[in-house]
Amino acid sequence: MRRSAQSSWPQPSRRSSARRQPVADREMRAVYAQTLVELAADDPRICVVEADLSRATGTGPFAKAYPDRFFNVGVAEANLIGVASGLAATGKRPFAATFACFASRRAYDQFFLSANYAGLPVVLVGTDPGVTAAYNGGTHMPLEDLALM
């Protein structure tokens, strides 16, 4: 496992990054999932917590490769953060993903109290920011997420 000079977070190893196709040719979720799989190969602490959105976030390959490190908490974003924080408190490095509108509005207080205030290394990933999820309606467009966070 390599570590960057600026961060204690693990970085994808050189042997795995040589096989990648250019990022510009792939969806963000495919890059996200592949990167998580590569990080998890080198770091057994890496885990993924999802709020029933693995198809939308693309983490199916991670769930298949590491089923014991993949947790689907259902449509319960505050619980997503609580579970991720609990995993982090036991030494895991959880990546918690949901739509950005739910990360910023629905789960923000839970993230502040359970993860941030406690100083736990939870990575909160908000997908489909701004109007990119307009096809799901106004409830899925986080126009205020940057202001909130």
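Quick note, the sequence shown lines up with residues 407 to 555 if you use this note's numbering.
Glycine included, C-beta positions come from ideal geometry on N, C-alpha and C.
| Item | Value |
| --- | --- |
| State whether the segment 446–456 contacts the segment 498–505, with contact taken as three or more CB pairs (one from each stretch) at a distance under 8 angstroms. | yes |
| Run through DSSP, which three-state label would Q469 get? | Residue identity check: residue 469 is Ala in the sequence provided, not Gln. Three-state DSSP puts A469 in a helix. |
| Nearest to G532 by alpha carbon, out of F517, Y523, G525, G466? | F517 |
| Can you tell me where the alpha helix (DSSP H) with E444 in it begins and where it stops? | 434–448 |
| Roughly how far, in whole angstroms, is the beta-carbon of G488 from the beta-carbon of S520, given that I think they are within contact range, below 8 angstroms? | 6 angstroms |
| Taking C-alpha atoms, which residue in M434, Q440, R512 lies nearest to V481? | R512 |
| Secondary structure at A411, three-state DSSP: helix, strand or coil? | Low confidence applies to A411: its pLDDT is 48, below 50, so where it sits in the model is not reliable, and the reading given next is rough at best. In the structure shown, A411 sits in coil (DSSP, three-state: anything other than H, G, I, E or B). |
| If we call anything under 8 angstroms between Cβ atoms a contact, is F476 one with A439? | no |
| Cα separation between R447 and T441? | With the sequence shown as reference, residue 447 is identified as Ala, and Arg is not the correct amino acid for it. Taking the straight line from one Cα to the other gives about 10 angstroms. |
| G464 and A436: beta carbons closer than 8 angstroms? | yes |
| Can you give, in chain order, each stretch of the alpha helix (DSSP H) that sits fully within the segment 460–523 and has at least 4 residues? | 460–463, 466–471, 483–495 |
| Going by C-alpha distance, which of E483, A524, V443, V528 is nearest D474? | V443 |
| Can you give the Cα-Cα distance for R432 and L530, rounded to whole angstroms? | 22 angstroms |
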